[in-house]
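Undergrad:
Residue numbers (this note's numbering): -5 to 254.
#1: To test your reading of the DSSP string, which unbroken beta strand (DSSP E) runs of 3 or more residues are found completely within the segment 10 to 37?
#2: Can you find a heavy atom of the ligand COA that lies under 6 Å from the Cβ of residue 103?
#3: Taking contact to mean at least 3 C-beta pairs separated by less than 8 Å, is the segment 218 to 234 in contact with the segment 54 to 63?
#4: Do you know whose CA, among 129, 138, 191, 243, lies nearest residue 183's CA?
#5: Mind checking who residue 173 pairs with in its DSSP beta bridge?
#6: Among the residues of its own chain, which have a CB less than 7 Å from the CB of residue 102, if the five just before and after it don't count?
#7: Please go through the same chain and pick out, in chain order, the residues whose beta-carbon is closer than 6 Å to the beta-carbon of residue 189, but skip the five residues on each side of it.
#8: Is it buried or exposed for residue 112, if we count other Cβ within 10 angstroms and need 16 for buried?
#9: Looking at C-alpha atoms only, which residue of 121, 214, 114, 59 is the closest neighbour of residue 91?
#10: With distance defined between alpha-carbon atoms, name the residue in 132, 165, 43 nearest to residue 97.
#11: Which of helix, strand or coil does DSSP assign to residue 4?
#12: Quick check: what's the CA-CA separation for residue 100 versus residue 196?
#13: Taking all protein chains shown into account, do 16 or more other C-beta atoms lie within 10 angstroms of the C-beta of residue 202, making it buried, or fewer, making it exposed?
Structure follows, in structure tokens:
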């Protein structure tokens, strides 16, 4: 890796107590059953989630909280730094408390929510399309069918263009320092286009940050935190493998050489 690591990494979390009783795995581990080191890191992060006051997000675990209930997938990646220190990195999938950036968690691979981002302007344009279409469809006088049809076509084309622009900003490293684009990885996996949200999951975020800062990944695991109103599949506190649809083509590239 050519990038020089920072002296004190603010996202690296050293283990709070000795983990010498847990032997390091002979090679990188990513499976359904968390390695004891990953489980230790996950429990540490879960304790933080129970007590933190840094931000407000309604996981549906406390009565009386305002806002929509949104459970969230979190991930921990046990790493060894270039200075041979053992600890972990933490990440969440998508957004947390309406933001991509929080002090405890590694940053996104691409942050479309930053100020003056083309994504923000693109979303505002979509909102204007939605508002005009809604007003015309609810108009008492009627007679706007052709314009509504035209606006919906423009909205669809704009949405497709914006999604492509977003995907063009995602590039992923692997252990050897090889970089590939999101579009390239999904095209190789026989997808017409990457699915919405690809690249925003916890696993790829964690590995990307580790590779960028010369950290050696040891083991990774993900868990669901909060209620899941939309799907009974996700259970609070349960561990899950990385998703296949959005992550498999990315992880296949990122994990190249780590299992040796």
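Note that the Cβ used here is the ideal one computed from N, Cα and C, for glycine as well.
TA: Inspection of the coordinates gives the following:
#1: Taken in chain order, the complete beta strand (DSSP E) segments of 3 or more residues contained in the segment 10 to 37 number zero; there are none.
#2: The ligand COA is absent from the structure shown, which contains no ligands of any kind.
#3: Between the segment 218 to 234 and the segment 54 to 63, the count of Cβ pairs shorter than 8 Å is three or higher; the stretches touch.
#4: Nearest C-alpha to residue 183 among 129, 138, 191, 243: 243.
#5: DSSP lists 167 as partners of residue 173.
#6: Beyond the five residues adjoining it in sequence on each side, residue 102 comes within less than 7 Å, by CB distance, of 94, 194, 199 in the same chain, given in chain order.
#7: Closer than 6 Å at Cβ, skipping near neighbours: 239, 240.
#8: That one is exposed.
#9: The candidate whose alpha carbon is nearest that of residue 91 is 59.
#10: For the residues 132, 165, 43, the minimum Cα distance to residue 97 belongs to 43.
#11: Note: residue 4 maps to coil in three-state DSSP.
#12: Each residue's Cα considered, the two are about 9 Å apart.
#13: It is buried - the Cβ of residue 202 has at least 16 other Cβ atoms within 10 Å.
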